[in-house]
Amino acid sequence: MSDPSQDTFSQRVYHIVAAIPYGRLTTYGEVARLAGAPRAARQVGGLLSHLPEGSKLPWHRVVNRHGAISLSGEDFYRQLSVLQGEGLLLQDSGRFDLARYRWRPEDGG
DNA sequence: GCTTTGACTGCGG
DNA sequence: ACCGCAGCCAAAG
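For the first sequence, UniProt numbering assigns the number 1 to the initial residue and increments by one for each residue that follows.
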């Protein structure tokens, strides 16, 4: 109740990302919205980029509003590999079909 | 407590 | 549809 460690923006983001099911995607903006700060999409990416090394959070299931991977270099291919491993198909446009893979909280949470 | 930093987003051209 | 720019705001220094 009075413990702020459970009420911070970052804690909410971690909780939300942890709820994204295998084989599904969501966007930075959507996570921000669910966390109660619809304009803090950048912050979501910032938090995911600073995750501790042993984190179990499925950070790879968060992409940008176009359904594209926002990382670059080796990180890009790492995220791509994990998503493909979960059965997600990358379109020729270099994006994932959000209409098909987008996770919605009511869909299972 | 002010300044800098971004794994973003929306809008206009 | 693609590209560039300005706004956004929680965290870290």
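Think of the CB as a built atom: it goes at the ideal place given N, C-alpha and C, for glycine as much as any other residue.
- For LEU48, the three-state secondary structure derived from DSSP is helix.
- When rounded, the separation of the alpha-carbon atoms in GLY45 and TRP103 is 18 angstroms.
- When secondary structure is reduced to three states using DSSP, ARG102 falls in the strand class.
- Taking the Cα positions, LEU51 is about 30 angstroms away from ASP92.
- LEU25 is bridged by DSSP to ARG102.
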